[in-house]
Amino acid sequence: MSAHFRLLETDVNFRSIQAQLETATARRMARGMAAFEFSGGPMVIKVVVHVVYNTTAQNISTAQIKSQISVLNRDFGAKNTDKSKVPPVWKGLVGNPNIQFQLATVDPDGKKTTGITRTKTQRTSFGTNDTVKTSAVGKAPWPTDRYLNIWVCNLGGGLLGYAQFPGGPAATDGVVITYRAFGTSGTAVAPFNLGRTATHEIGHYLNLRHIWGDTEDCSGTDFVKDTPNAVGPNYGKPTFPHISCTNGPNGDMFMNYMDYVDDDAMFMFTLEQIARMHATLEDVRSSLVS
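All letters in the sequence shown, in the order written, are residues 172 to 461 by the working numbering.
Now the structure itself:
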């Protein structure tokens, strides 16, 4: 979230768009305009994956990239079998976002493409300052109003990934994932080898917040009513119930994709989280949908 907070502090336009989107989202949800379960066909988002590598290992395979796309389509289609592990008390809140991700087949110039670019860099690692998204040391994005841009590179400092929330600068819009937490094969390393880092970060890209609201004193909010308040992030593999913020008897919804648990311990979006994502795709990110 450091990139998000940096933009909030430095970009007046981003702050304004975020505030407007939050107001519009609240109104849509209050009026039932953002359906909890999208009844039409899937919302399809075209994806381009930019592999920015310094070593041969970082130049991940096409198969590894496709394994990540498969995970996204399961998780954002509620086809993940591990959702059966959701505690009974919350099973009724598990929804289907009905969002599908496809590697682009046509590039910005109208030419055929695999939806994958590969760029050699002299940088040994990147941070959250978005330099990986520049042509100087990384790869500039394809038009961000038409493609979900995902950069895969070596992120330093133990960082798994980060995303830009809706309304930020077009030149930096998208998601960045470290090559060790992308997909389910190749360089992906446990406990982040099931592709859930990208699921989490794309949640941010579609305007979802962390379930604890990014404070650690029980005062934060994720602007979603069907996720219990939590004191802070959960890690590893918590056991149910994990109680904080007097949220007993059921405790934290740590198995939500928007917490920080291991990949094999997260497996659900709630109905209202889905409503937020749909509101975003009907508003500031509507040009992505086909």
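All C-beta atoms, glycine included, are put in the ideal place defined by N, C-alpha and C.
For residue i, does the count of other Cβ atoms within 10 angstroms reach 16, so buried, or fall short, so exposed?
{"i": "Glu180", "result": "exposed"}
{"i": "Val215", "result": "exposed"}
{"i": "Arg351", "result": "buried"}
{"i": "Pro399", "result": "buried"}
{"i": "Asp316", "result": "exposed"}
{"i": "Arg447", "result": "buried"}
{"i": "Thr227", "result": "exposed"}
{"i": "Gly419", "result": "exposed"}
{"i": "Lys310", "result": "buried"}
So, at 8 Å on beta carbons, what are the nonlocal neighbours of residue i in its own chain, with the 5 sequence-adjacent residues on each side left out?
{"i": "Pro404", "result": "His381, Trp383, Asp430, Tyr431"}
{"i": "Asp388", "result": "Val402"}
With distance defined between alpha-carbon atoms, name the residue in the options nearest to residue i.
{"i": "Phe297", "options": "Ile321, Leu326, Asn230, Gly286", "result": "Leu326"}
{"i": "Lys396", "options": "Leu264, Leu178, His371, Gly374", "result": "Leu264"}
{"i": "Glu133", "options": "His449, Lys250, Arg177", "result": "Outside the modelled stretch of the chain, which goes from 172 to 461, sits residue 133, for which no answer is possible."}
{"i": "Val260", "options": "Glu453, Asp423, Ser232", "result": "Asp423"}
{"i": "Asn225", "options": "Gln189, Arg289, Thr386", "result": "Arg289"}
{"i": "Thr305", "options": "Asn269, Val347, Gly212", "result": "Val347"}
{"i": "Gly212", "options": "Ile270, Pro399, Tyr406", "result": "Ile270"}
{"i": "Gly391", "options": "His371, Asn267, Cys416, Ala228", "result": "Cys416"}
{"i": "Lys256", "options": "Leu452, Glu443, Ala436", "result": "Ala436"}
{"i": "Lys262", "options": "Asn427, Arg456, Asp454, Val455", "result": "Asn427"}
{"i": "Tyr376", "options": "Trp313, Glu443, Tyr333", "result": "Tyr333"}
{"i": "Ala307", "options": "Leu319, Tyr318, Gln293", "result": "Gln293"}
{"i": "Pro362", "options": "Ser187, Asn378, Asn244, Tyr406", "result": "Tyr406"}
{"i": "Gly374", "options": "Lys217, Pro337, Ser232", "result": "Pro337"}
{"i": "Gly329", "options": "Gly366, Thr299, Pro279", "result": "Thr299"}
Less than 9 Å between the beta carbons of residue i and residue j, yes or no?
{"i": "Thr355", "j": "Ser458", "result": "no"}
{"i": "Val219", "j": "Cys324", "result": "no"}
{"i": "Thr386", "j": "Asp434", "result": "no"}
{"i": "Ala197", "j": "Phe394", "result": "yes"}
{"i": "Leu274", "j": "Lys237", "result": "yes"}
{"i": "Asn421", "j": "Pro409", "result": "no"}
{"i": "Phe247", "j": "Phe440", "result": "yes"}
{"i": "Ala359", "j": "Gln235", "result": "yes"}
{"i": "Arg245", "j": "Glu453", "result": "no"}
{"i": "Leu319", "j": "Lys217", "result": "yes"}
Within the same chain, show all residues whose beta-carbon is closer than 7 Å to that of residue i, passing over the 5 residues directly before and after it, in chain order.
{"i": "Thr276", "result": "Lys283, Thr284, Gly286"}
{"i": "Lys291", "result": "Tyr224"}
Going by beta carbon distance, what residues of the same chain come within less than 6 Å of residue i, once the five residues before and after it are set aside?
{"i": "Ser461", "result": "Val215"}
{"i": "Asp301", "result": "Thr343"}
{"i": "Gly339", "result": "Leu178, Phe185"}
{"i": "Thr295", "result": "Asn225"}
{"i": "Thr252", "result": "none"}
{"i": "Gln189", "result": "Gly338"}
Counting only beta-carbon separations shorter than 9 Å, does residue i have a partner in chain B?
{"i": "Thr233", "result": "The structure shown contains no chain B; it holds only a single protein chain."}
Q.
Suppose only complete runs of 3+ residues qualify. What are the beta strand (DSSP E) ranges in the stretch 267–313, listed by chain order?
A. 270–274, 287–291
Q: Output the residue ranges of the alpha helix (DSSP H) runs that lie fully inside the stretch 315–373 and measure 4 residues or longer, sorted by chain position.
A: none
Q | Residue ranges of each alpha helix (DSSP H) within the stretch 389–445, 4 or longer | A | none
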